[in-house]
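Working notes, structure below.
Number of protein chains: 2
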Amino acid sequence: MSARGSIVGKVYLVGAGPGAPDLLTLRAARLLEAADIVFHDALVHPDILALAGRARQIDVGKRYGKVSTEQRFINRALIEAARTHSLVVRLKGGDPMLFGRAQEELDALKAAGIECEVVPGVTAALAAAATLKVSLTRRGIARTVVFLTPRVGKGESASEWLAPALAADSVVLYMAAGAATSIAASLIGAGKPGATPVALVESATLPEERRLFTTLEALQSAKLPPATGPVVVCVGEVFRESSFKEIDHANLMREVSSARL
Amino acid sequence: MSARGSIVGKVYLVGAGPGAPDLLTLRAARLLEAADIVFHDALVHPDILALAGRARQIDVGKRYGKVSTEQRFINRALIEAARTHSLVVRLKGGDPMLFGRAQEELDALKAAGIECEVVPGVTAALAAAATLKVSLTRRGIARTVVFLTPRVGKGESASEWLAPALAADSVVLYMAAGAATSIAASLIGAGKPGATPVALVESATLPEERRLFTTLEALQSAKLPPATGPVVVCVGEVFRESSFKEIDHANLMREVSSARL
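Spelled out as C-alpha cells, the structure:
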C-alpha cells in the first residue's frame with residue numbers, strides 16, 4: 155500500500171455516546187477492549203477508557219478552547235498509529251458524524267490509503283430529550299428537528315444558523331455553553347416569540363446533570379454562571395410539555411441564577 | 155398510587171438502535187436481559203429480542219401501515235403490564251424521541267401514575283452517515299442538520315417540511331421508503347438545485363444494506379422498485395464527497411433501477 159510497506163492497521167472512528175458509560179454501544183465496547191491504541195476527546199468518561207485496558211491511551215481533546223490539539227496533528231498521529239498498530243480507535247464524544255470534525259480525519263486517512271470504519275453513537279440531543287422525557291417530534295406539534303451549533307468558524311457568518319432554527323419545529327443547539335443568553339436574544343431578534351419554551355441540559359446522563367426549563371424571553375436576560383460540562387439548548391413548543399407545566403416559574407428562575415449553567 | 159393498589163412496575167422506553175444488534179447500548183442490553191415483558195416494534199433484530207430471554211415478548215409493530223397496532227391499544231397495554239410486572243420494556247427502532255411517537259406513551263403512563271424512563275439509542279440518520287463515511291456537519295460546508303419525515307399526518311400540510319429542508323445544510327428524511335422521487339421533485343420545485351447530491355440508504359448497518367449516490371435531478375425521474383427495509387434519504391453538499399466522486403454515474407443509475415430501493 156505504501157513505500158514504507160508496513161500499513162497493517164485499521165482505524166475506527168467511534169462514538170462514545172453522551173456521557174454515561176453504559177450509553178456506549180456494544181460494538182464500541184468490544185472495539186475498545188480489543189484496541190491497541192486509543193485517541194480520545196477530553197470529556198470521555200474514565201469508565202469508558204477503562205474498557206481499553208490493553209491500549210495505549212492518548213488524550214487529544216478539545217475542551218472549551220483550552221487544551222486544544224491541532225486537527226492536523228491528530229490526522230498525522232492517526233496515520234502513524236495505523237502504520238504500527240493493528241486496531242486504532244479514535245473515540246469521540248457523542249456521535250462522530252455530528253459536530254465531530256470527523257470528515258477531516260476520514261479524508262486524511264483515505265488519502266494515506268488507510269482502512270477506516272465509523273461506529274455511530276448516541277448524540278447529546280437525544281440524551282437530552284431522554285432525560286427531559288420530551289420527544290423531539292410530536293404529532294401536530296413538531297415534525298422537523300434541527301441540530302446546529304451557534305459557534306462561528308473562519309469565514310462563517312454568525313447569523314447563518316438562524317434561518318434553519320426559525321424554520322424547524324424543534325431546535326437543539328450543541329456546544330452552547332456560555333451562549334444561551336445570546337442565542338435567546340438572536341432568536342427573539344429574528345422574530346421567534348419570547349414565550350417559546352426552552353430547556354437547557356448540562357452534562358446530560360451524568361450524575362452532575364442539570365436541567366432547566368425556561369422561555370426565550372426569560373433566558374435572554376438571565377444571568378447564568380459559567381457551565382462546567384457540555385450544554386445543549388433545546389428550543390420549541392414540545393418543551394412546554396410535562397415537567398414545564400408543573401414548575402413554578404418564579405422558583406425556576408431563582409434556580410437558574412444559582413445553577414452552574 | 156391507584157385504587158387498584160397494585161402498581162409496582164416501571165416502564166423503560168428503550169431505543170433499539172438502527173438495525174445491527176451490536177449497535178444497541180450497554181444499558182439497553184442489560185434492561186432487556188432483566189425485563190419481565192417486552193413490547194417491541196416490528197423491525198427489531200431477532201438477536202436483540204433474544205437478549206430478553208426471560209421476558210414475554212409482544213410485537214406491537216407498525217410496519218409500512220400493514221400490521222398496525224393502534225397507539226391507544228399500546229398505551230393501555232403498557233399501563234396494564236406495569237401493574238403486573240416489575241420491569242417493562244417498550245423497545246423502539248432507532249431512538250425513541252425521534253419519530254417514535256414516544257410522547258403519547260409517556261403522557262399515558264404519567265397520567266396513570268406509572269414511573270417511566272427513556273433510554274436513548276443510535277438513530278438511523280447517524281447510522282447512515284457512518285455507513286456512508288460522510289459527516290453530516292463539515293467546516294465551511296454544513297453547520298446545520300435537519301431530520302424530518304415527509305409523511306403527512308391528519309391536519310398537516312404536505313409541504314410543511316420544505317422550509318426547514320431548504321434552510322438547513324444537511325437534510326435527512328426518515329420513513330422515506332417509496333417517497334424518494336416525490337421528495338426530489340418537491341425540493342427541486344421549491345428551488346433546491348437539481349445538482350444537489352443525494353444518498354439513499356436502505357436497511358442501514360444490516361447485511362442487506364443498500365447505498366446509492368445520486369442527485370435530486372436524477373432521482374426525480376428514477377424508477378425505484380419498492381423498498382423492503384427502512385430507507386433514509388440524505389440531501390446536501392456533504393454527500394458529494396468521497397464515494398460519490400468515484401462512482402460512474404451511468405452505471406449507478408442502472409444499479410438504481412435494479413436495486414430494491
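Read top to bottom, the protein sequences are chains A and B.
Note that the first sequence covers residues 155 to 415 in our numbering.
Note that the second sequence covers residues 155 to 415 in our numbering.
Quick reminder that beta carbons are idealized off the backbone N, C-alpha and C, glycines included.
Open item on the list: Does chain A have any CB closer than 8 Å to the CB of B:V300?
Closed with: yes
- [ ] Kindly indicate which residue of B:P175, B:L177, B:R181, B:G173 has the alpha-carbon position closest to the one of A:T359.
- [x] B:R181
Task: Nearest-angstrom Cα separation, counted from B:A334 out to A:S336 - done: 38 Å
Open item on the list: Considering only their Cβ atoms, is the gap separating A:K164 from A:V242 smaller than 8 Å?
Closed with: yes
TODO: Return the first residue and the last residue of the beta strand (DSSP E) that B:S324 is part of.
DONE: 324-327
- [ ] Taking A:M329 as the query, report the chain B residues whose CB atoms sit under 7 Å from its CB, ordered along the chain.
- [x] Under the 7 Å cutoff, chain B gives no residues; its nearest Cβ is about 11 Å from A:M329.
Task: Completely contained beta strand (DSSP E) runs for the segment 320-386 of chain B, where each covers 3 or more residues - done: 324-327, 351-356, 364-369
Task: Interface flag, A:A363 vs chain B, CB-CB below 8 Å - done: One point to set straight first is that residue 363 of chain A is Glu, not Ala, in the sequence displayed. No, A:E363 lies away from the interface with chain B (no Cβ there is under 8 Å from its Cβ).
Open item on the list: So the candidates are A:V386, A:A321, A:A188; which of them puts its Cα closest to the Cα of A:G332?
Closed with: A:V386
- [ ] Answer with yes or no whether the minimum CB distance from B:D249 to chain D is below 8 Å.
- [x] No chain D is part of this structure, whose protein chains are labelled A and B.
- [ ] Mind listing, in chain order, the continuous alpha helix (DSSP H) runs of no fewer than 4 residues lying wholly within the segment 185-230 of chain A?
- [x] 200-204
- [ ] Please classify B:R244: is it buried, with 16 or more other beta-carbons within 10 angstroms of its beta-carbon, or exposed?
- [x] buried
TODO: Please state whether DSSP places A:T285 in a helix, a strand or coil.
DONE: helix
Open item on the list: The beta strand (DSSP E) that contains B:L252, what's its start and end?
Closed with: Element bounds for B:L252: n/a, residue is neither H nor E.
Open item on the list: If I measure Cβ to Cβ from A:L320 and keep anything under 8 Å in the same chain, skipping five residues before and after, which residues do I get?
Closed with: L341, A344, G345, K346
Task: Sub-8 Å separation of A:T291 and B:F253 beta-carbons - done: yes
TODO: Step through the CB atoms of chain A and report whether any lies within less than 8 Å of the CB of B:S289.
DONE: yes
- [ ] Starting from A:E269, trace the beta strand (DSSP E) both ways and give me its first and last residue.
- [x] 269-273
Open item on the list: Beta carbons nearer than 8 Å to chain A: which residues of the segment 251-263 of chain B have them?
Closed with: M251, L252, F253, G254, R255, A256, Q257, E258, L260, D261
Open item on the list: Quick check on the burial criterion: 16 or more other C-beta atoms within 10 angstroms. Buried or exposed for B:P175?
Closed with: buried
Open item on the list: For a quick check, are the C-beta atoms of A:G348 and A:L370 less than 8 Å apart?
Closed with: yes
Open item on the list: On the CB-based measure, 16 or more other CB atoms within 10 Å of its CB, does B:E259 come out buried or exposed?
Closed with: buried
Task: Members of the segment 171-183 of chain A near chain B, C-beta cut-off 8 Å - done: G171, P172, A174, P175, D176, L177, L178, T179, L180, R181, A183
TODO: Kindly identify the DSSP beta-bridge partner or partners of B:A296.
DONE: B:R292
Task: Top-ranked residue by Cα proximity to A:I202, from A:R230, A:E224, A:A266, A:P172 - done: A:P172
Open item on the list: Taking the straight line between their C-alpha atoms, what separation do you get for A:E314 and A:M329?
Closed with: 16 Å
Task: Helix, strand or coil at B:L241 [DSSP, three-state] - done: strand
Open item on the list: For a test of the three-state rule: what should DSSP assign to A:L178, helix, strand or coil?
Closed with: coil
Task: Distance, A:C270 Cα to B:V392 Cα - done: 18 Å
- [ ] Give the DSSP bridge partners of B:L302, in chain order.
- [x] A:T298, B:L327
TODO: Confirm, please, whether the CB-CB distance from B:D190 to B:S240 is below 8 Å.
DONE: yes
Open item on the list: With H, G and I counted as helix, E and B as strand and the rest as coil, what does DSSP make of A:V162?
Closed with: coil
TODO: Note down, in chain order, every chain B residue with its Cβ under 8 Å from the Cβ of A:T350.
DONE: None at all; the shortest Cβ gap to chain B is about 16 Å.
- [ ] Counting only the same chain and skipping the five closest in sequence on each side, list residues whose C-beta sits under 7 Å from that of B:I233.
- [x] A262, L263, A266, I268
- [ ] Measuring only between beta-carbons, confirm whether B:R293 sits less than 8 Å from chain A.
- [x] yes
TODO: Might you give, ordered along the chain, the residues of its own chain that have their beta carbon closer than 6 Å to the beta carbon of A:A339, omitting 5 neighbours on each side?
DONE: Q374
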